[in-house]
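Worksheet for the structure shown next.
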Amino acid sequence: MYRIKDPRRFLEFYTKGLGMTLFVKTDFLAAKFSLYFMVYEPKEDVPKGPSERANWAMTRKTTLELLTIGEQKIIQSNHITSGTKTELVMDTSEFSYCFVYEACKRFEEIGVEFVKKPDDDGLMNGLAFIKDPNDCRIVFTTKCIK
(Lines of atoms letter the chains of each structure in order from A and count residues from 1; the text may use other names and numbers.)
(Lines give C-alpha, C1' and ligand atoms only; values in the text may rest on other atoms or scores of the structure.)
Protein backbone atom coordinates (compact mmCIF):
# COMPACT_ATOMS: atom_id res chain seq x y z
CA MET A 1 0.00 0.00 0.00
CA TYR A 2 1.24 3.46 -0.93
CA ARG A 3 0.02 6.61 0.76
CA ILE A 4 -0.52 9.23 -1.93
CA LYS A 5 -1.57 12.87 -2.12
CA ASP A 6 -2.80 13.41 -5.67
CA PRO A 7 -4.70 10.37 -7.00
CA ARG A 8 -4.90 11.78 -10.54
CA ARG A 9 -1.10 11.86 -10.90
CA PHE A 10 -0.74 8.32 -9.54
CA LEU A 11 -3.57 6.88 -11.61
CA GLU A 12 -2.07 8.38 -14.75
CA PHE A 13 1.40 7.11 -13.82
CA TYR A 14 0.29 3.55 -13.06
CA THR A 15 -2.19 3.26 -15.96
CA LYS A 16 -0.27 5.00 -18.76
CA GLY A 17 3.25 4.43 -17.46
CA LEU A 18 3.07 0.94 -16.02
CA GLY A 19 0.08 -0.40 -17.94
CA MET A 20 -2.07 -1.18 -14.90
CA THR A 21 -5.88 -0.97 -14.71
CA LEU A 22 -7.86 0.70 -11.93
CA PHE A 23 -10.47 -1.88 -10.95
CA VAL A 24 -11.84 -0.57 -7.65
CA LYS A 25 -12.02 2.84 -5.99
CA THR A 26 -13.62 2.95 -2.57
CA ASP A 27 -14.29 6.17 -0.64
CA PHE A 28 -14.64 6.08 3.14
CA LEU A 29 -16.15 9.54 3.59
CA ALA A 30 -16.61 9.41 7.38
CA ALA A 31 -12.97 8.38 7.86
CA LYS A 32 -11.76 10.77 5.13
CA PHE A 33 -9.77 8.30 3.05
CA SER A 34 -9.99 6.56 -0.31
CA LEU A 35 -8.52 3.32 -1.63
CA TYR A 36 -7.60 2.63 -5.23
CA PHE A 37 -6.80 -0.91 -6.39
CA MET A 38 -4.73 -1.44 -9.55
CA VAL A 39 -4.05 -4.68 -11.45
CA TYR A 40 -2.29 -5.93 -14.57
CA GLU A 41 -5.43 -7.07 -16.33
CA PRO A 42 -7.27 -5.82 -19.43
CA LYS A 43 -10.24 -3.58 -18.59
CA GLU A 44 -12.62 -5.93 -20.39
CA ASP A 45 -11.63 -8.77 -18.00
CA VAL A 46 -12.56 -6.79 -14.87
CA PRO A 47 -15.99 -7.90 -13.53
CA LYS A 48 -18.71 -5.26 -13.51
CA GLY A 49 -20.42 -5.92 -10.15
CA PRO A 50 -18.86 -4.81 -6.83
CA SER A 51 -18.99 -8.23 -5.13
CA GLU A 52 -17.65 -9.96 -8.24
CA ARG A 53 -14.80 -7.41 -8.39
CA ALA A 54 -13.92 -7.98 -4.72
CA ASN A 55 -13.76 -11.76 -5.16
CA TRP A 56 -11.88 -11.42 -8.44
CA ALA A 57 -9.31 -9.10 -6.84
CA MET A 58 -8.23 -11.78 -4.38
CA THR A 59 -7.29 -14.14 -7.23
CA ARG A 60 -4.95 -11.77 -9.10
CA LYS A 61 -1.17 -12.27 -9.19
CA THR A 62 -0.50 -8.54 -8.67
CA THR A 63 -2.66 -5.95 -6.96
CA LEU A 64 -1.41 -2.50 -5.99
CA GLU A 65 -3.27 -0.52 -3.33
CA LEU A 66 -3.06 3.28 -3.25
CA LEU A 67 -4.32 5.21 -0.21
CA THR A 68 -5.26 8.88 0.15
CA ILE A 69 -5.92 10.21 3.65
CA GLY A 70 -7.68 13.56 3.98
CA GLU A 71 -5.98 14.57 7.25
CA GLN A 72 -2.43 13.90 6.07
CA LYS A 73 -0.37 16.24 3.96
CA ILE A 74 2.77 15.42 2.06
CA ILE A 75 5.11 18.26 3.00
CA GLN A 76 7.97 17.14 0.79
CA SER A 77 8.02 14.53 -1.90
CA ASN A 78 9.00 11.77 0.54
CA HIS A 79 7.70 13.07 3.91
CA ILE A 80 4.16 12.76 5.25
CA THR A 81 2.81 14.71 8.20
CA SER A 82 -0.25 14.00 10.31
CA GLY A 83 -0.78 16.58 13.06
CA THR A 84 2.57 17.18 14.74
CA LYS A 85 4.27 13.95 13.63
CA THR A 86 6.34 13.85 10.44
CA GLU A 87 7.68 10.60 9.07
CA LEU A 88 10.02 9.80 6.22
CA VAL A 89 8.44 7.60 3.59
CA MET A 90 10.98 5.47 1.73
CA ASP A 91 8.80 3.06 -0.20
CA THR A 92 10.37 0.92 -2.88
CA SER A 93 8.46 -1.62 -4.88
CA GLU A 94 9.72 -4.24 -7.28
CA PHE A 95 8.10 -5.50 -10.45
CA SER A 96 9.38 -8.61 -12.21
CA TYR A 97 9.05 -7.98 -15.89
CA CYS A 98 10.37 -10.04 -18.77
CA PHE A 99 10.77 -7.07 -21.11
CA VAL A 100 12.62 -4.44 -19.06
CA TYR A 101 14.29 -2.79 -22.06
CA GLU A 102 11.00 -2.45 -23.93
CA ALA A 103 9.32 -1.02 -20.81
CA CYS A 104 12.14 1.52 -20.44
CA LYS A 105 11.61 2.72 -24.01
CA ARG A 106 7.97 3.41 -23.15
CA PHE A 107 8.96 5.15 -19.89
CA GLU A 108 11.32 7.42 -21.83
CA GLU A 109 8.58 8.26 -24.36
CA ILE A 110 6.16 9.39 -21.65
CA GLY A 111 8.76 11.23 -19.56
CA VAL A 112 9.16 8.93 -16.54
CA GLU A 113 12.18 9.91 -14.42
CA PHE A 114 14.91 7.28 -14.20
CA VAL A 115 17.19 6.68 -11.23
CA LYS A 116 19.04 3.96 -13.17
CA LYS A 117 18.61 2.55 -16.67
CA PRO A 118 19.29 -1.13 -17.46
CA ASP A 119 22.52 -0.37 -19.38
CA ASP A 120 24.04 2.05 -16.86
CA ASP A 121 27.52 1.09 -15.64
CA GLY A 122 27.66 -0.90 -12.44
CA LEU A 123 26.92 -4.31 -11.06
CA MET A 124 23.16 -4.25 -11.61
CA ASN A 125 22.90 -4.44 -15.39
CA GLY A 126 19.46 -5.33 -16.67
CA LEU A 127 17.69 -3.57 -13.79
CA ALA A 128 15.83 -0.30 -14.07
CA PHE A 129 14.94 2.08 -11.25
CA ILE A 130 12.28 4.71 -11.93
CA LYS A 131 10.53 7.26 -9.71
CA ASP A 132 6.81 7.44 -9.14
CA PRO A 133 4.99 10.76 -8.44
CA ASN A 134 5.98 10.50 -4.72
CA ASP A 135 9.67 10.12 -5.68
CA CYS A 136 9.54 6.53 -4.47
CA ARG A 137 11.65 4.06 -6.39
CA ILE A 138 10.23 1.28 -8.47
CA VAL A 139 12.65 -1.46 -9.44
CA PHE A 140 12.14 -3.46 -12.63
CA THR A 141 13.97 -6.80 -12.71
CA THR A 142 14.22 -9.22 -15.59
CA LYS A 143 12.72 -12.21 -13.80
CA CYS A 144 10.15 -14.07 -15.88
CA ILE A 145 7.54 -16.16 -14.12
CA LYS A 146 6.25 -18.98 -16.27
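Going by the UniProt record's numbering, the sequence shown opens with residue 1, and the numbers climb by one from there.
Glycine residues also receive a C-beta, built at the ideal position from the N, C-alpha and C atoms.
Small disclaimer: the values here were computed from a predicted structure and weren't measured.
With the rule of 3 Cβ pairs closer than 8 Å, the stretch 34-50 counts as touching the stretch 12-23. The Cβ atoms of Phe-140 and Ala-103 lie closer than 8 Å to each other.
The beta carbon of Ala-57 lies closer than 8 Å to those of Phe-23, Val-24, Phe-37, Val-39, Thr-63 in the same chain, with the five residues before and after it left out. In this structure Phe-33 does not touch Asp-132 by the C-beta definition: roughly 19 Å separates them, more than the 8 Å allowed. Shown here, Ala-54 sits in a helix according to DSSP, grouped into three states. Taking the Cα positions, Gly-122 is about 17 Å away from Val-100.
Judged by DSSP in its simplified three-state form, Tyr-36 adopts strand. The beta carbon of Glu-113 lies closer than 8 Å to those of Ile-130, Lys-131 in the same chain, with the five residues before and after it left out. Between the C-alpha atoms of Arg-60 and Asp-120 there is a straight-line separation of about 33 Å.
The DSSP-derived three-state label of Val-100 is helix. Residue Ile-138 holds the alpha-carbon nearest to the alpha-carbon of Val-115 among Thr-15, Asn-134, Arg-9, Ile-138.
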